[in-house]
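Novice: Please find one structure pasted underneath; my questions will follow.
In the working numbering, the protein residues as written are 31 to 643.
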């Protein structure tokens with residue numbers, strides 16, 4: 031019933047042909063991460079690195095590299111999760127499906143972690159510098175733990191019931207960290223550890239953290255699960271892992287999984303910070319150097335046969351995409367329970383996850399006198415933007431199920447077509463102009479600062495969407511190379527943005543003023559102003575990434591025939607989104623050509639990656 035150790039999972043994947051060993055010496059700086067990314071792109075196997083240079087510990091990567099492999103890892107326990115989800119949605123399931131009575135108590139029992147006196151994790155100790163020093167991108171500030179499970183407890187009510195287990199990146203080396211004594215902790219807005227940090231500040235005293243690396247794979251998934259407050263991630267890890275998580279607790283330290291591969295024990299002074307970063311992150315750019323909490327390292331434990339799991343992140347899709355898909359499979363049915371009226375929500379991975387949310391809601395207001403305009407959809411949109419990590423979204427596009435019950439939220443072109451055929455830019459744009467956005471998103475006007483827009487569409491089809499470039503299309507000076515993204519969305523290259531004027535770019539204001547409302551360009555309801563229209567038109571993922579990671583709604587949306595009435599902004603012609611690179615944006619991630627050549631060499635005849643990449 032599930033894996034109790036990472037080594038069990040690795041052995042099983044190898045025996046079933048889903049993991050390969052790389053025994054050649056592999057440099058953890060850049061090369062190991064580049065190998066993982068290339069193999070992921072080809073949907074290849076998990077990778078066991080037995081010989082990382084200057085390190086005595088082996089490593090495993092791409093463990094969750096495909097959704098099929100992720101499902102395989104939890105094949106014995108998914109029915110338990112499904113049982114409890116069904117019971118949550120409909121307690122009468124016990125009467126409708128009596129067989130659930132058999133598995134429900136067992137599943138619930140696995141939710142309870144258990145204290146044990148000793149375990150493999152306590153059998154070895156090491157130092158931070160002796161750990162695998164994985165550096166993923168050329169300009170990263172140092173080595174990072176990329177699959178950490180950071181455990182903390184409430185200072186007011188310590189214990190597992192008030193604990194948090196989250197995946198917050200951990201910098202092991204570089205910058206001004208004292209080697210083997212200090213490491214950096216970067217966590218974003220709306221993370222559970224932030225509550226514990228706040229409590230420690232109120233009390234004016236340090237708080238302890240443990241960083242688990244490895245252990246049963248269920249712990250890694252639990253650390254990224256969007257669980258409701260009050261449900262410890264350690265409990266969910268037991269449910270998904272098919273067994274109660276055994277915990278040991280050395281005197282003076284927080285609990286730790288007895289079967290973890292590594293545990294870094296440390297203390298955070300809530301008033302102390304140091305510069306952390308840069309780091310190549312999941313939006314496809316570097317997150318830059320900022321002050322973040324500092325962990326004073328007390329001890330580093332490891333089990334005798336420890337394996338170091340790692341991944342790399344970058345422009346999506348990457349391995350963390352599988353996490354998102356798997357989590358949606360586990361929790362998707364609960365969305366209507368948490369958000370009444372909402373049928374489905376899709377955080378679009380290709381757009382960096384948080385920047386773009388698609389949602390399907392319902393219109394049930396005043397059925398006896400139905401207005402053909404968004405009503406309940408706006409209530410539901412506010413609920414979505416008030417829900418945990420969903421609140422980090424910049425663009426929320428929401429449509430009504432009533433208009434097309436067969437609308438598939440994961441068919442992105444079809445969703446955009448449905449919305450653009452119906453939306454009224456004079457009425458259906460709703461902004462939050464000064465609010466929080468993802469810490470990793472540099473399109474806003476400061477760290478964690480930006481804006482949001484809700485685009486809500488309901489009712490009958492209002493327009494046909496053009497699928498080609500009109501022969502009589504004329505463009506204002508400086509705009510060129512029109513291309514089609516998908517029906518209804520026109521791509522135009524604009525002048526390079528050398529000086530950023532939020533909401534007042536002279537070239538875009540001139541464009542909107544020069545183009546008349548009856549100009550045929552307004553047959554396109556949405557125009558994206560980009561740096562390279564050919565690149566954006568090449569794939570769906572390209573324009574999604576560019577548009578939603580390089581724009582801040584309140585400052586980068588313009589409109590032909592725009593107006594402001596009673597503080598409501600709209601436009602009678604096409605809507606423009608300025609998705610050009612701006613001077614304040616973080617640099618995009620670029621593969622190192624020399625490192626890529628080394629990866630290629632591993633794929634020659636007789637190489638470990640032959641036939642894989």
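Just so you know, even glycine gets a beta-carbon here, dropped at the ideal spot from N, CA and C.
Do the region 164-175 and the region 202-222 make contact, defined as three or more Cβ pairs closer than 8 Å?
Specialist: Taking 8 Å as the limit for Cβ pairs, the verdict is that the region 202-222 does touch the region 164-175.
Novice: Excluding five sequence neighbours on each side, which residues of the same chain lie with their C-beta closer than 7 Å to the C-beta of residue 462?
Specialist: If we look at residue 462 and ignore the five residues flanking it on each side, its Cβ neighbours are 481 and 482.
Novice: Taking the CB atoms as reference points, tell me whether residue 305 and residue 87 lie closer together than 9 Å.
Specialist: Cβ atoms of residue 305 and residue 87: not closer than 9 Å.
Novice: Hey, how far is the Cα of residue 456 from the Cα of residue 531?
Specialist: Using only the alpha carbons, I get a separation of about 24 Å.
Novice: For residue 196 and residue 221, I'd like the C-alpha separation in whole angstroms.
Specialist: Approximately 8 Å, taken between the alpha carbons.
Novice: Please classify residue 144 as buried or exposed, where buried requires at least 16 neighbouring CB atoms within 10 angstroms.
Specialist: Looking at its Cβ environment, which holds fewer than 16 other Cβ atoms inside 10 Å, residue 144 is exposed.
Novice: Please identify the residue among 597, 177, 406 and 572 whose C-alpha is closest to the C-alpha of residue 372.
Specialist: With distances taken between Cα atoms, residue 372 lies closest to 406.
Novice: Short of 8 Å in beta carbon distance, which residues of its chain neighbour residue 402, apart from the five on each side in sequence? Order them along the chain.
Specialist: 488, 489 and 490.
Novice: Do you know how far the Cα of residue 35 is from the Cα of residue 639?
Specialist: Going from the Cα of residue 639 to the Cα of residue 35 covers about 26 Å.
Novice: In angstroms, rounded to a whole number, what distance separates the CA positions of residue 225 and residue 218?
Specialist: Roughly 12 Å between the two C-alpha positions.
Novice: As an exercise, report each continuous beta strand (DSSP E) stretch of at least 3 residues that is fully enclosed by the region 50-114, in chain order.
Specialist: As far as the region 50-114 is concerned, its whole beta strand (DSSP E) runs of at least 3 residues are 76-79 and 89-91.
Novice: Given residue 92, which residues of its chain have a CB within under 8 Å of its CB, disregarding the five upstream and five downstream residues?
Specialist: Taken in chain order, the residues that qualify are 66, 69, 70, 74, 75, 76, 77, 341 and 349.
Novice: Would residue 254 and residue 270 qualify as a contact pair, given that the criterion is a beta-carbon distance under 9 Å?
Specialist: Taking 9 Å as the Cβ cut-off, residue 254 and residue 270 do not qualify as a contacting pair.
Novice: Determine the direct distance from the alpha carbon of residue 419 to that of residue 591, and round the result to whole angstroms.
Specialist: Cα-Cα distance, rounded: 35 Å.
Novice: So if DSSP puts residue 201 in a beta bridge, which residue, or which two residues, is it bridged to?
Specialist: Answer is 174 and 214.
Novice: State the Cα-Cα distance for the pair residue 158 and residue 329, rounded to the nearest angstrom.
Specialist: C-alpha separation (whole angstroms): 9 Å.
Novice: Give every residue of the same chain whose Cβ lies closer than 8 Å to the Cβ of residue 318, excluding the five residues on either side of it in the sequence, and list them in chain order.
Specialist: Result list for residue 318: 307, 308, 472 and 616, in chain order.
Novice: From the DSSP output, in three-state form, read off residue 540 for me.
Specialist: Three-state result, residue 540: helix.
Novice: Provide the residue(s) that pair with residue 598 in DSSP beta bridges, ordered along the chain.
Specialist: Answer is 595.
Novice: To which residues of the same chain is residue 193 closer than 6 Å at the C-beta, ignoring the five residues directly before and after it?
Specialist: Contacts found: 183 and 262.
Novice: Let me know if residue 620 comes out buried or exposed under the rule of 16 or more other beta-carbons within 10 Å of its beta-carbon.
Specialist: Exposed, since its Cβ has fewer than 16 Cβ neighbours within 10 Å.
Novice: Just list the alpha helix (DSSP H) runs in the region 523-590, keeping only unbroken ones of 4 residues or longer that don't cross its boundaries, in chain order.
Specialist: For the region 523-590, whole alpha helix (DSSP H) runs of length 4 or above, ordered along the chain, are 536-544, 563-568, 570-579 and 583-586.
Novice: To the nearest angstrom, how far is it from the Cα of residue 123 to the Cα of residue 609?
Specialist: With a pLDDT of only 47 at residue 123, under the threshold of 50, the placement of this residue in the model should not be trusted; the figure read from the coordinates follows. About 49 Å.
Novice: Closer than 6 Å by C-beta to residue 95: which residues in its own chain qualify, once you throw out the five before and the five after it? Chain order, please.
Specialist: 70 and 349, listed in sequence order.
Novice: Within 10 angstroms of its Cβ, does residue 593 collect 16 or more other Cβ (buried), or is it exposed?
Specialist: Label assigned to residue 593: exposed.
Novice: Using DSSP with H/G/I as helix, E/B as strand and the rest coil, what is residue 494?
Specialist: Of the three classes helix, strand and coil, the one that applies to residue 494 here is coil, per DSSP.
Novice: With distances taken between CB atoms, is the gap from residue 351 to residue 311 smaller than 9 Å?
Specialist: Not a contact, by the Cβ cut-off of 9 Å.
Novice: Which one of 582, 517 and 355 has the shortest CA to CA distance from residue 8?
Specialist: For the chain, the structure presents residues 31 to 643; residue 8 sits outside this window and is missing.
Novice: Kindly indicate which three-state DSSP category residue 183 falls into: helix, strand or coil?
Specialist: Three-state result, residue 183: strand.
Novice: Does DSSP put residue 515 in a helix, a strand or coil?
Specialist: Three-state DSSP puts residue 515 in coil, outside helix and strand.
Novice: Buried or exposed: residue 129, going by 16 or more other Cβ atoms within 10 Å of its Cβ?
Specialist: Confidence at residue 129 is low in this model, with a pLDDT of 49, below 50, so its placement is unreliable and the value that follows should be read with caution. When all chains shown are included, residue 129 counts as exposed.
Novice: Excluding the five sequence neighbours on either side, which residues of its own chain have a C-beta within less than 6 Å of the C-beta of residue 558, listed in chain order?
Specialist: Same-chain partners within the cutoff: 521, 577, 607 and 609.
Novice: If you draw a straight line from the alpha carbon of residue 24 to that of residue 142, how long is it in whole angstroms?
Specialist: In the structure as shown, the chain starts at 31 and stops at 643, and residue 24 therefore has no counterpart that could be examined.
Novice: Please state whether the Cβ-Cβ distance between residue 272 and residue 140 is less than 9 Å.
Specialist: Cβ atoms of residue 272 and residue 140: closer than 9 Å.
Novice: Whole angstroms is fine: what's the gap from residue 314's alpha carbon to residue 588's?
Specialist: For residue 314 and residue 588, the distance between alpha carbons rounds to 25 Å.
Novice: Using the C-alpha atoms, what's the distance from residue 60 back to residue 625?
Specialist: Approximately 7 Å, taken between the alpha carbons.
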